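Participant:
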Amino acid sequence: MADKKFELTDLASGKKSLLPVKSGTIGPDVLDIAAINRDHGVFTHDPGFGFTSACESRITYIDGDAGVLLHRGYPIEQLAEKSSFMEVCYLLLNGELPNRPDLEKFTNDIQHHTMLNESLLRFYNGFHHNAHPMAMVSAVIASMSAFYHDSMDIHNPRNREIFAHRIIAKIPTIAAAAHKHSLGQPFVYPRNDLSYCANMLNMFFAVPCEPYYIDPVAAEALDLLFILHADHEQNASTSTVRLAGSTGANPYAAISAGVAALWGPAHGGANEAVLSMLEQIGTVENIPKYIAMAKDKNSHFRLMGFGHRVYKNFDPRAKIIRGACHKVLESLGQTSNPLFELALSLEELALKDDYFIERKLYPNVDFYSGVIYSALGIPRSMFTVMFAIARTVGWVAHWQEMISDPAMRIGRPRQLYTGSVKRDYVGVEKR
Ligand code: SDX
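Residue numbers for the sequence shown follow the working numbering, so the first one is 1 and each next one is one higher.
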């Protein structure tokens with residue numbers, strides 16, 4: 001098939017240039033826009049990169065209008081129903097679902113890399129007890145680059161694999177240590193005989209004074225939530241990891257940058273903000289007042305957990321989590337959960353409102369996840385940390401894909417300059 005091209009004409013000068021079109025396996029084509037600057041001396045301008053393809057990737061595909069999410073081609077609904085977080089980690093990192101021996105070896109590798117260097121555990125003592133755990137987690141991950149700088153040849157595939165296993169294995173330990181520090185309780189060491197999520201629960205909630213019962217319902221709920229948060233294409237935090245990694249920086253530093261970006265309430269910090277919002281709303285009777293505030297441009301209030309840059313339909317992950325809420329709450333004996341009832345009413349009323357319908361604002365992944373985290377006894381300040389634990393594998397998969405791409409270049413966007421034209425310095429005595 002003849003190469004597809006777009007023609008661009010500068011109407012003022014009549015100058016034309018041809019822009020090659022590149023097609024993926026599914027989804028919109030992209031325009032190679034290099035000729036725009038070469039032939040016309042201009043840049044494209046796309047604040048927030050809403051209409052810009054920053055890279056080629058084979059990991060995740062999203063169709064925002066259809067509410068479709070595929071990981072290496074597999075629909076999120078099927079992975080949520082049939083897979084496990086360890087299997088999804090293998091899939092995202094390697095591109096294919098593992099056979100049983102490969103899955104067992106991968107799981108064993110992760111289980112045997114969960115301990116932290118004892119010196120890293122001492123970092124937590126430098127934080128005040130009320131430090132936000134996202135600050136502790138991003139700092140400790142960045143500090144890992146001080147410990148593993150000598151075994152980190154990013155162009156060595158084996159070094160990249162060791163990094164991937166280390167950070168995926170250790171992020172729950174790092175998160176649990178932050179939680180224990182905030183409680184003033186002793187750290188609980190990881191156990192190699194427990195599954196990824198059972199180990200997490202044990203490190204979060206066990207205390208030395210008594211045995212801790214690991215509820216399989218809770219472990220299963222966490223496994224599902226981690227599958228649903230594992231990766232999401234070129235979102236803000238993943239793009240941050242790619243940009244930081246494109247400089248050749250130590251990958252632990254790049255992941256730490258991803259944690260920092262995820263923390264924002266417009267991104268992963270929304271799950272924590274949703275719970276605060278629901279508590280602020282308080283009752284179903286108050287919902288209309290808050291929906292009015294969300295629509296009022298003069299108020300800075302937004303319905304947290306609503307809207308998405310890409311999804312202009314239901315976020316498929318929100319649907320799955322909403323369904324899981326019913327099952328998890330019932331299994332945990334919380335048949336009447338006021339937060340969940342309020343969230344359901346808020347969704348129902350908002351989706352009947354023209355403002356939300358016209359702007360295609362639907363619940364996103366963060367709208368219901370906090371209901372389950374709360375039901376599991378995880379404190380609100382740890383919700384975004386839970387998101388970071390799951391998203392670490394996505395960040396690593398994208399970092400690996402970028403670093404192993406021979407065509408990789410340092411990321412360096414341009415700008416539209418609207419500042420002062422050139423002017424000469426004036427001494428202070430003349431100002
Ligand atoms: C995640 O990118 C990813 O994939 C992210 C993520 C992932 O898995 O990595 O999916 C995870 O970050 C989910 C999003 C979590 N954030 C929130 O729930 C915070 C609340 N939502 C918003 O702030 C907002 O919807 C964003 C940030 C998610 C998307 O912002 P956009 O794409 O820049 O949209 P916008 O701000 O331009 O909004 C378009 C219109 C505006 O109104 P108008 O100017 O057209 O009149 O919709 C309005 C906005 O004011 N709007 C909202 C709203 N979200 C958008 N109004 C009220 N409440 C909201 N939540």
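Just so you know, even glycine gets a beta-carbon here, dropped at the ideal spot from N, CA and C. Computed from a predicted structure; not experimentally measured.
Where do the ends of the beta strand (DSSP E) carrying Pro-20 lie?
Facilitator: It spans 16–22 - the beta strand (DSSP E) in which Pro-20 sits, taken as one unbroken run.
Participant: Out of Leu-103, Ile-168, Phe-187, Pro-316, which has the shortest C-alpha to C-alpha gap to Phe-123?
Facilitator: Looking at the Cα atoms, Phe-187 is the closest of the given residues.
Participant: Is it buried or exposed for Ala-54, if we count other Cβ within 10 angstroms and need 16 for buried?
Facilitator: Exposed is the call here.
Participant: Return helix, strand or coil for Tyr-252, following the three-state DSSP convention.
Facilitator: DSSP places Tyr-252 in helix when its eight states are reduced to three.
Participant: Quick one: what does DSSP say Leu-416 is sitting in, helix, strand or coil?
Facilitator: In this structure, Leu-416 counts as coil in the three-state DSSP scheme.
Participant: Please name the residue, chosen from Asp-32, Asp-353, Thr-25, that lies closest to Lys-4 on a Cα-to-Cα basis.
Facilitator: Out of Asp-32, Asp-353, Thr-25, Asp-32 has the C-alpha closest to the C-alpha of Lys-4.
Participant: From this set, Gln-400, Leu-194, Ala-218, Val-30, which residue's C-alpha is nearest Ile-372's C-alpha?
Facilitator: Out of Gln-400, Leu-194, Ala-218, Val-30, Ala-218 has the C-alpha closest to the C-alpha of Ile-372.
Participant: Could you have a look at Glu-429 and say whether DSSP puts it in helix, strand or coil?
Facilitator: Reduced to three states, the DSSP call for Glu-429 is helix.
Participant: Expressed to the nearest angstrom, what Euclidean distance is found between the alpha-carbon atoms of Glu-272 and Asn-250?
Facilitator: Answer to the nearest angstrom: the Cα atoms are 29 Å apart.
Participant: Could you give the C-beta distance for Gly-95 and Tyr-61, rounded to a whole number, given that I count them as a contact under 8 Å?
Facilitator: Contact doesn't hold; Cβ gap of about 13 Å is too wide.
Participant: Give the DSSP-derived three-state secondary structure of Asp-63 in the structure shown.
Facilitator: Correct three-state label for Asp-63: strand.
Participant: Put Lys-5 into one of helix, strand or coil per three-state DSSP.
Facilitator: Reduced to three states, the DSSP call for Lys-5 is strand.
Participant: I'd like to know whether the C-beta atoms of Met-136 and Thr-173 end up nearer to each other than 8 Å.
Facilitator: In this structure, Thr-173 does not lie closer than 8 Å to Met-136 by Cβ.
Participant: Give the single residue among Ala-260, Tyr-196, Arg-158, Asp-10 whose Cα lies nearest to the Cα of His-40.
Facilitator: Taking only the C-alpha atoms, the option nearest His-40 is Asp-10.
Participant: With a threshold of 7 Å on Cβ separation, who are the neighbours of Thr-107 within its own chain once the five nearest residues in sequence on each side are excluded?
Facilitator: For Thr-107, where only same-chain residues beyond five positions count, the Cβ hits under 7 Å are Met-86.
Participant: Assign Pro-101 to buried or exposed, taking buried as 16 or more other Cβ atoms, counted over all protein chains shown, within 10 Å of its Cβ.
Facilitator: It counts as exposed.
Participant: Report the partner residues of Val-432 according to the DSSP bridge assignment.
Facilitator: An answer regarding residue 432 cannot be provided, because it is not within the stretch 1 to 431 covered by the chain.
Participant: Where do the ends of the alpha helix (DSSP H) carrying Leu-121 lie?
Facilitator: Its alpha helix (DSSP H) spans residues 118–121.
Participant: Any idea what DSSP makes of His-132, helix, strand or coil?
Facilitator: Here His-132 sits in coil by DSSP.
Participant: Which one or two residues does DSSP pair with Phe-306 in a beta bridge?
Facilitator: Answer by DSSP bridge pairing, in chain order: Pro-363.
Participant: Measuring CB atoms only, is the region 220–227 touching the region 384–394, in the sense that at least three cross pairs come out at less than 8 Å?
Facilitator: Output reads yes: the region 384–394 touches the region 220–227.
Participant: Smallest Cα separation from Gly-305: which of Asn-337, Gly-264, Ala-324, Thr-283?
Facilitator: When each option's Cα is compared against that of Gly-305, the closest is Gly-264.
Participant: Residues in the same chain with beta-carbon distance under 6 Å from Ser-17, minus the five sequence neighbours each way, listed in chain order, please.
Facilitator: The residues are Leu-8, Ala-35, Asp-39.
Participant: In angstroms with no decimal places, state the Cα-to-Cα distance between Leu-342 and Gly-268.
Facilitator: Answer to the nearest angstrom: the Cα atoms are 21 Å apart.
Participant: Quick check for students: name the residue ranges of the beta strand (DSSP E) that lie wholly in the region 64–98, counting only runs of 3 or more.
Facilitator: With a minimum length of 3 residues, the continuous beta strand (DSSP E) runs that stay inside the region 64–98 are 68–71.
Participant: Using the rule of at least 16 other Cβ atoms within 10 Å of the residue's Cβ for burial, across every protein chain shown, is Glu-401 buried or exposed?
Facilitator: The residue in question, Glu-401, is buried, as its Cβ has 16 or more Cβ neighbours within 10 Å.
Participant: Give the range of the alpha helix (DSSP H) segment to which Phe-387 is assigned.
Facilitator: Run containing Phe-387: 383–403, per the alpha helix (DSSP H) assignment.
Participant: At a cut-off of 7 Å, would you count Gly-67 as near the ligand SDX, judging by its Cβ distance to the nearest heavy atom?
Facilitator: No, since every heavy atom of the ligand SDX falls outside the 7 Å radius drawn around the Cβ of Gly-67.
Participant: Can you give me the C-alpha to C-alpha distance between Arg-414 and Phe-340, rounded to a whole angstrom?
Facilitator: Whole-angstrom Cα-Cα distance: 45 Å.
Participant: Over what stretch of residues does the alpha helix (DSSP H) that includes Thr-114 continue unbroken?
Facilitator: Element bounds for Thr-114: n/a, residue is neither H nor E.
Participant: What residue ranges within the region 264–342 form continuous alpha helix (DSSP H) runs of no fewer than 4 residues, ordered along the chain?
Facilitator: Segments of the alpha helix (DSSP H) lying fully in the region 264–342: 270–281, 287–295, 316–331.
Participant: Consult DSSP for Val-458 and reduce its assignment to one of helix, strand or coil.
Facilitator: Because the chain here runs from 1 to 431, residue 458 falls outside it and cannot be looked at.
Participant: Does at least one heavy atom of the ligand SDX sit under 7 Å from the Cβ of Ala-266?
Facilitator: Within the cutoff, so yes.
Participant: To the nearest angstrom, report how far apart Leu-103 and Leu-92 are at their CA atoms.
Facilitator: The straight-line gap from Cα to Cα measures roughly 13 Å.
Participant: In three-state DSSP terms, what is Ile-171?
Facilitator: Helix.
Participant: Return the CA-CA distance between Pro-211 and Glu-77, expressed in angstroms with no decimal places.
Facilitator: So the alpha carbons of these two residues sit roughly 36 Å apart.
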